[in-house]
Ligand SMILES: *Cc1c(COP(=O)(O)O)cnc(C)c1O
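Residue numbers (this note's numbering): 1022 to 1509.
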């Protein structure tokens, strides 16, 4: 056997690395400090500001052929990107369900990028880190040791994979080879009218069709109506459809409602349906002793979709899918390929390849920022962040109740508050003006077809003063609009 040859000492620069690392290192430290300055000063700036045309024009340039100094490129970022972000890191952000991120998560992203690991599979420690987080999620949600799971971009993808897994459970492997049509079954799924749009899209992408997702009416609390659900399943069976999937939601995107999960688990068991829960918004309530009872029943799901990038405050993106039946999960996605042959030893070893559990082959190291977040803050502090956002939502609801000009439009189950100023006719304008003013940024949605102001409090930086600024801002703008409006 040949002895391994000593590494050749290169004296010239090779590839894209510098020969002298000192300038890159110095620039790197400056960039890191600039980001910490940004995070430290977040609250002093506006939530959001529209980018002027002169700024937009800087990103319509032709392909760079010659190099640009890194410091110059960074200056462009500082001038033309950093001040014009989406706003979700800011304490006044309440539009849409988005997390705030943390400095710890930012540092972990840097480490992950430096390592440049590909988590499709093979034998390396980054895979063990993802498995560690998987084990923690099993523990968080009370899933068995045998459950499988993996990181995905977000809950939209996780919900999609769950639909495909449920399809495999209903149709077997035939559906993978020959397609759903060849299986001669007309599969139907069930969720409430308040289900997130990605579940209907998942039915489309899975080849089953959005129409086959039956949208069941909700009660006054925006929870799925169980009588209507049973009736819809029975009606479909009578017509020759094959009910296969029941999707519950733990925290609906519009109002944060939680479906009656234990009752859904019972119905799924009795009807032989796969029970999936979209817990994108509310799943991490399990980390808070105060909130956990509200999502009881999650532990009975066949699969769970949730997001570390929302309540978990992990930087984008970090969605997760947890699946009770690992064997079914594996069967749904595993595929043979010569270039992916597994070995007993060497780099192609390892007994758990994430590419067998989803459609992605190349995968980034989302697990690292999540590991760092859970490790450094601990589950208790993250649960407390979730509980705090719910307390802020309650404070907002109480202030709405105390102001005669404001009306609460949906019960507050978690951290989302929907309300109107007056009869609501000025609300879209009020929200747009608030966003432009930059102190607080709610959004709008429709409740029972009527527009409302929606405040989703997800960010760990949001504080009581931000809630008060929202109320004060809405009242101020609403009064001005009412005064300025002609009498009807
Ligand atoms: C955010 C959200 C989704 C989509 O999750 P992404 O991570 O944005 O893909 C799905 N369902 C609910 C209830 C959500 O709040």
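The beta-carbon is built from N, C-alpha and C at its ideal position, and this holds for glycine as well.
- For residue 1114, no beta strand (DSSP E) segment is defined, and its DSSP state is neither H nor E.
- Residue 1127 and residue 1121 have their C-alpha atoms spaced approximately 11 Å apart.
- Closest option to residue 1454, judged by alpha-carbon separation, among 1069, 1168, 1413: 1069.
- Inter-residue distance for residue 1054 and residue 1136 is about 21 Å (C-alpha atoms, whole angstroms).
- Around the C-beta of residue 1143, 16 or more other C-beta atoms lie within 10 Å, and the residue is accordingly described as buried.
- For residue 1328, the Cβ falls inside the 7 Å cut-off from some heavy atom of ligand 1.
- Residue 1464 is bridged by DSSP to 1475.
- For residue 1134, the enclosing alpha helix (DSSP H) starts and ends at 1124-1136.
- By a beta-carbon distance limit of 8 Å, residue 1434 contacts residue 1277. Their separation comes to about 5 Å.
- Closest option to residue 1262, judged by alpha-carbon separation, among 1268, 1439, 1269, 1253: 1253.
- Between the alpha carbons of residue 1205 and residue 1191 lies a distance of about 12 Å.
- Looking at 1106, 1487, 1405, the one whose alpha-carbon comes closest to that of residue 1072 is 1106.
- Under DSSP, the beta-bridge partners assigned to residue 1442 are 1427.
- Listed in chain order, the beta strand (DSSP E) elements of length 3 or more contained wholly in the region 1347-1434 are 1427-1429.
- Counting along the chain, residue 1225 sits inside the alpha helix (DSSP H) bounded by residues 1218-1226.
- Secondary structure remark: continuous alpha helix (DSSP H) runs of at least 4 residues inside the region 1167-1207, in chain order: 1176-1192, 1195-1199.
- In this chain, the beta strand (DSSP E) harbouring residue 1269 covers 1263-1270.
- Put simply, the region 1143-1153 touches the region 1360-1380. At least three CB pairs are less than 8 Å apart.
- For residue 1269, the closest of 1214, 1241, 1340, 1224 by C-alpha to C-alpha distance is 1214.
- A heavy atom of ligand 1 is found nearer than 7 Å to the CB of residue 1217.
- When DSSP reads this structure, residue 1326 sits in a beta bridge with 1299, 1342.
- Per DSSP, the continuous beta strand (DSSP E) segment holding residue 1236 begins and ends at 1234-1237.
- DSSP places residue 1164 outside any alpha helix (DSSP H), giving it a letter other than H or E.
- Residue 1209 is bridged by DSSP to 1264.
- Counting along the chain, residue 1100 sits inside the alpha helix (DSSP H) bounded by residues 1091-1101.
- Annotation for residue 1177 indicates a beta carbon within 7 Å of some heavy atom of ligand 1.
- For residue 1302, the Cβ falls inside the 7 Å cut-off from some heavy atom of ligand 1.
- With a threshold of 7 Å, the Cβ atom of residue 1444 does not count as near ligand 1, since no heavy atom of the ligand is closer than that.
- At a cut-off of 7 Å, the beta-carbon of residue 1225 does not count as near ligand 1: no heavy atom of the ligand is closer than that.
- In the DSSP annotation of this structure, the continuous segment of the alpha helix (DSSP H) that includes residue 1248 starts and ends at 1247-1259.
- By the Cβ test, the region 1374-1393 is not in contact with the region 1219-1234, since fewer than three Cβ pairs between them sit closer than 8 Å.
- Separation of the CB atoms of residue 1210 and residue 1265 is rounded to 7 Å, and the pair is thereby assigned contact status at 8 Å.
- In this structure, the alpha-carbon of residue 1495 lies about 11 Å from that of residue 1445.
- Relative to the non-hydrogen atoms of ligand 1, the Cβ of residue 1299 comes within a distance shorter than 7 Å of at least one.
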